[in-house]
Each structure stands twice: as structure tokens, then as C-alpha cells.
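Residues 79 to 814 (the numbering used here) are what the sequence shown spells out, left to right. By construction, the Cβ of each residue, glycine as well, lies at the ideal position given by its N, Cα and C atoms. All values derive from a computational prediction rather than experimental measurement.
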Amino acid sequence: MRYWVLAMTLLVLGGAAWAGAGVHDRLVMGDNLPVSTRSAQADRWLRTHAGAGKPDLVVVAEVTAGPAGAAAGGVDDVRAAAAGRRLTAALAADPGVSLARSYWAGGDRGLRSSDGRSAVAMAWLRGDLQDRLRTTRRLVPRLPRHQGPLTVTVGGDCQVRVEAQRRSEHDLRVAETVALPLTLAVLLVVFGSLVAALIPLAMGAFCLVGAMALLRLLSEATPVSVYALNIASLIGFALAVDFSLFIVTRFREELARQRPVQEAVRHAIATTGRAMGLSAISVLTALAALLVIPSPIVRSIAYGGIAVTVLAAIAALAVLPAALAVLGAGVDRLAVPGPWSAGRRSGPGAAAQGSSFWARLARLVMRRPVAVTTAAGALLLLLATPLPHARFGIADERILPPQDPAARAGQLIRDRFDAQLLPLTVVLPHRAHPGDYPRRLSAVPGVVRVQAANGTFADGRRIGAPDARSARYSVPAGTWMAATTAVAPYDHAAAAIAERLRAVAAPERALVGGPGAELADTRRLVGRRLAWMVAIMALATIGVVMWMTGSPLLGLKALLLNALTLTSTFGVLVAVFQDGRLHRLVGEFSTTGTLDVIMPVVVLGVAFGVSMDYEMFLLARITEEYRRHGDTSAAVIAGLHRTGRLFTCAAAVFALVMAAMATSSVVLVKMVAVGVLTAVLVDATLVRALLVPGIMRLAGRANWWSPWRASPPARRPAAAPAAAPAAAAIRTDTSL
């Protein structure tokens, strides 16, 4: 049977490698919002009926001393104007472009910088998002870097998406190249055997290949974000390695007890495997809770995470036992010379040097539970101190490195142009004439002016009569208005202005769109659903822990500690990505003064699941020890002793994978990696090593109270010697 399982695994792996080969071509750069939101409806109406809305490409043309020499008159110089018209014509001539506008073709003064040295051309592309991205990939490389005296830099939404996708695919290959050898090095230190080290690595590779195949299949049913591949595949790899690490460790421990190979496999799966199964359920529940958030990107990442977690569980519970049954004692072959090798493969009489630190630490916590718990909790709260001033926004071109041309184009627009380039838009889908509505909109605080079919308005009065450009605001399908503000498009103030515009009485149901409205809709959607997401994760945590231990108190304790871990994690994210502190430690990126509102939700789901992963393994071992002798302190000491070094190594593997992922040049991927990395390190040190033992020591026998059981399990004196090493010299042959 075991050979059949391994043969089928190789067959499936080959098929998965073939199926997943084309996954990159199927990935998309999805939107934050579902199409049902009012801002999305407004953008779709403008694109379909008016050829307007947020431009897909924004080309910034600067007058510089280029190959054709400098233009003394700036963008109004004869040569510069001719070059600008040629640039606009080149955009308009492409079959994928539905409309092209520029300062030189239309004379819109808002498309000219105040110093007259720069001007903008904008293009709206045909088709759905994927069609527009294909057009961008074809069109942008054809645009000359220099057009007469103009130096051209291309940005805009579609160019940012294309560049982010290209970088994400490259970054994934780099992360895999970095993570695999570093993971192998950690596993060699853990096991002291090349064969034992290669087993978890093989399970991780199985998960990586399988993830690409599953995401390829998933893309046939629903759009899959390019971020899902980066985030889900690397997290799946780390989970598979961690799951396998725990099971291989327990298998070697059972072999050292002189159990036959088949019995050792069965016992490892019955104990550690059961905890791993519950851990996988916890991770799956946390990722499934992400589906409550109606964001295409979040749901795409959730689907990918669920798929790879199932793969990691299958690898650990089906493929790994078959491999261990075939290898048997050969799991210790090809020993790696070093101080770690002898203790890792020796029998029960080995010295406790490798794990004595964890036994001593556990006994220290048992003696000083109040002091240790207070100190560790204070450190977590200290990490969380930046969290109260968190500000959430929407990612723009600054997700790319500052030197990227698309990012530079966005910076030039912010520095040299007003907010007219990305105004708030108000659509009346079924009305031919706006009437008095634009005047009332212009009276809204924060609105500089409103342009409509019947003129230009400011401060509640008309300041300009309709001209030739006003005709674009009235189309057969309805009419629309552009509300220019004095704030940045994705600023919190822009979102507040969008909400005030929506509150103005309209002659019919109005659709307010634009960047500020998109931010307002995103925050509203996340805010409404976040409580449900947290409730699902909380109930699942309590339920799974009670299922394993029978104790509601331990479930509440797990929930509280996870909340502390996540609070400190988000404090670090605010400090690094919003405030820019210590940002050089995670690589160069642009700080915006806000956190993207979507990716922290992903961090919440993933980090919560990973924290529960470690919680389940530690509680399983403590519960196992407690049921032998009924002594909470001894059970905690023995549990931490037998798993402490293992948790450190598992956390090191996960941290290395996340650190490799954090090398990404795309800020959104980097943010998720740093968030999960922080959660793993905090959880494996302050939480599992100090807070869990301290709280359990303070709770004493109350840990084991259950409404279904009158008292904790009775002591079993015959089993007491098994726990005795917890306070003395505990066997450490394979207890990591």
C-alpha cells in the first residue's frame, strides 16, 4: 500500500507540474472592489458610455534637453507641441485605445503643469480589464522614450498593474531560490541527517508544485490574483515543511523507544498527526473566514490559501506516512557531521543538552508566572503602540519601487499637477440635463469646482458658461460631472468628500465614483464584514481547542493570545509601512502615510491561522502529558521541553520563507510577508515560550475544567515516570 501511495504521488506530481506550467498566463491583477459597489458602477458607466473615468494610461511628457535639444517655451514650444500631438496621435491610433486626450489635443489647462515644463496625455483602453492589460503590454513598449524635446514616462492604472504582475512573478522565483536552500540548512541542523532533512523539503516542494496546478484549475472558475500565487504557494510550502517537521520528529522519537516501524508510524500519526489535522482545520477556518470580505483580491488569496493548506495536510497525513514506512530506520541515514548530529540520533540515554534550555525556561516560568506573564505581555503591548494611529488607504503606483517608471510618473503627477487628473465623478445615468445639481455639488466643503454639461461651478454658483469641452459631460445614456478637490485622490479627505457628495439630494439615483469614492466603498465593505470574519475565527478557535482538550478556558486563552500576537503584528506593520520606521530593514519602498486597507485583512487571516498551528501542537503535547499524571506544571514543563526546540526550528523555517517573500519589490506582497513573519516570531518566542506556560500555571486545574466532565482526568501513578524527566533529565534523542 505504501509503495502504491508513493507511486501515485509521483504520478500526480508529474501531472501537477504539467498543469501548473501555464499558471502565470492565467493570473490577473484584480480589483479591490466587487462590481456591485457604487464607485465601480460609476466607473463602468463612464467607461462604457462616455469614454471617461479613471484613465488606463497616463503619459507624463517633460521638456528636457533630450536628443532634439531643449525647448525654450516649455510644453507650448512649437517643437514640443508638435511632439505632443504626435504622441497623442500614436496613442489614439492603436486599435486597443478607445479615447486619447492630452494638453496639446484639446487644450485642457489642467493637463499642463504650473511651471509649463510638463504636460499629460491620457488614454482609455477598450475591453475588460484583461483586454486592457494586453493592450498595455503591447502598446507601452512601442512608445518612444523621447519624442522630440519631450521625455516620456508612462504610468496609470494599467501600467502599474502590468509592472506589478511582472515583478511579482520574478519575485516568486527569487523567493523560491532563496527559501529552498535556507530551509534545507535549518532542517539539517534540526535532524543531523540528510535523509530526514530532505523529507519535509520534499513535502514542501510537493505543495509548491501542487499549488500552481490548483491555482491554474481555480483560474478556470474564478479570476485568480497574481498575489495569490506568491502568497499562497510560499505559505503552503512553509506549512507543509512545518507539518512534516513535527511528524518526522515524533516518528524518530517513537523509533528511539524501540517501536517497530509500522507501529512508530501509526503512533506518530495518532498523536502528532491528530494535532496536525486539527491545526490544519484551524488554518483552513481562518483562511475561509477571509471569504466573508467581498473583495476579489482577498477572496482569490483565500481560495489559494485554502487549496495549499489542504495540499499540505494531504502531504503530511497521506504521503509522509508512506515515505516514513518505506524508509524506517533509514530516516537517519547520511548523517551530517556537527555538534547536533549525535544527540539527534541517539537513544533515550542521551544527554539533555540540546533541550535543557527549554526545560530550564519552563521551570523558571513555573516559579515566576506573574512576573514572566506581565513582562511578556508588556512587550507585546509595546510592539502594538503604533496601532492606534493607523490610517488605511488604497494602494496606488507607490506599491512599486520609487525608481520604477510607472511610480515615477505618479510622483510627477502628484508634484506638478492638481487633482483634476483624477477627480471625483458623479453620474446621473438616465438624465439628459443635470439642472441645478452641479451648483449644489460645488457647495460641498472640499470641492474646488464642478464641471458639467451646463458650465463650471464653484462655491455654490456658476463661474463659467458651457464651452466646447462641456459637451463631453452629456451623452445619450445620461450626464455626468467632474468634481475637482484640493486633496490627493486617495486621501482620507477625498473619501470624506465623496461621502458628502453622496449626501447631496440628487434628481435621480446618483453614482459617485473616482479614487476617493473607491476608498470610501472599500473601507465600508471591509468595516462591515470584518466583525463577521473575526467572529468566525474566534468561534472556530474555541471550538477546535475544546474539541482537542475539552476545556473552554484553554480555548479562550488561545483566542486571547492570538489577539495579542495580531495586535503586536499590526503595530509593527504601522510602524514600518505607514510611518517608515526601520523600513530599510525590509528593503527599499515608498511610504505613503497609510496602510493598504486590503492586505492587512489578508495578514489577519494568515497570521491567525499560523498562530493556531503552533498553538495546537503545543497544547496537544501538554494535554498528552497531563493525561498521564494530572499535574499541570509538570505537563507544561514536559510539553515545552519536548516541543520548544521544535517550535524554534519550525518558526525559523516559516520565518525564512517569509523573509524570502519579503524581498519582493511589490509593497503589498512585502507587507503580507513582514506581517506573517512578525506574527511567527512573536508567537514562537513571547507567546508559546512564556505566555502560554505562565497563564496555564496561573490557571492550574481550572485549565482542564469542562462542562461535560466533573473533574480533570484522574491521576495515573503508573504513568508518572514518563513525566519525571520534565523536572530532571528528559530524553532528547529526537525531541526538538
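The beta-carbon distance between Thr670 and Ala757, rounded to whole angstroms, is 23 Å. This is too long to meet the 8 Å contact definition. For Ala573, the closest C-alpha among the options Phe321, Pro585, Arg602 is that of Arg602. If the five residues before and after Gly633 are omitted, its C-beta is found closer than 7 Å to the C-beta atoms of Thr619, Ile620, Val623, Met624, all from its own chain and listed in chain order. Nearest neighbour of Ala401 by Cα position, chosen from Asp657, Asn640, Met281, turns out to be Met281.
Nearest Cα to Asp134 within the set Phe648, Leu365, Thr213, His127: Thr213. Excluding the 5 residues flanking it on each side, Val765 has same chain C-beta neighbours closer than 6 Å at Leu639, Thr643, in chain order. The three-state reading of DSSP puts Ser743 in coil, since its state is none of H, G, I, E or B. Within the same chain, and ignoring the five residues on either side of Val526 in sequence, the residues whose Cβ sits closer than 7 Å to its Cβ are Ala536, Thr562, Thr563, Ala564. Annotation for Val256: Ala738 place their beta carbon closer than 6 Å to its own, counting only its chain and skipping 5 residues before and after. The C-beta of Met736 has 16 or more other C-beta atoms within 10 Å across all chains shown, which makes the residue buried. Under the three-pair Cβ rule at 8 Å, the stretch 377 to 394 counts as touching the stretch 284 to 297. Here the alpha carbon of Ala160 sits roughly 13 Å from the alpha carbon of Ala197. By the criterion of a C-beta distance shorter than 6 Å, Leu696 is surrounded in its chain by Thr721, Arg766, once the five residues flanking it on both sides are discounted. DSSP places Arg204 outside both helix and strand once states are collapsed to three, so it counts as coil. Phe535 sits in a strand when the DSSP states are folded into three classes. Ala367 and Val679 have their alpha carbons spaced roughly 10 Å apart. In this structure, Ile325 sits away from Ala407, with a CB-CB distance that is not shorter than 8 Å. Relative to the Cα of Ala473, the nearest Cα in the group His345, Thr503, Ile676 belongs to Ile676. When the alpha-carbon of Glu693 is set against those of Gly355, Ala263, His224, the nearest one is in Gly355. Within the same chain, and ignoring the five residues on either side of Ser357 in sequence, the residues whose Cβ sits closer than 6 Å to its Cβ are Asp691, Met694. Inclusion of Leu203 and Gly174 in the CB contact set at 8 Å is warranted, their separation being smaller than that value.
Sixteen is the threshold: when 16 or more other Cβ atoms of the shown chains lie within 10 Å of the Cβ of Tyr381, as they do, the residue is buried. Just measuring C-alpha positions, the residue of Leu519, Thr726, Met626, Ile309 sitting nearest Met749 is Ile309.
With respect to Arg469, Gln237 sits apart: the two C-beta atoms are not nearer than 8 Å. Only exposed fits Glu666, as fewer than 16 other CB atoms lie within 10 angstroms of its CB. Contact annotation: the stretch 576 to 589 does not touch the stretch 337 to 346, with fewer than three C-beta pairs closer than 8 Å.
When only Cα atoms are considered, Pro301 and Arg578 end up about 33 Å apart.
Bridge pairing for His224: Thr229 [DSSP]. Residue range 175 to 180 is occupied by the beta strand (DSSP E) that includes Ser180. With a threshold of 16 other beta carbon atoms within 10 Å, Gly205 falls short and is exposed.
Restricting attention to alpha helix (DSSP H) runs no shorter than 4 residues, the stretch 596 to 645 encloses none. With fewer than 16 other Cβ atoms inside 10 Å of its own Cβ, Trp96 counts as exposed.
Considering only Met615, Arg220, Thr229, Arg352, the residue with the shortest C-alpha distance to Arg486 is Thr229. Taking a 10 Å sphere around the C-beta of Leu768, we find 16 or more other C-beta atoms and assign the residue as buried. In the displayed model, Glu702 falls within a helix according to three-state DSSP. The alpha carbon of Thr142 has as its nearest neighbour, out of Thr231, Ile541, Arg122, the alpha carbon of Thr231.
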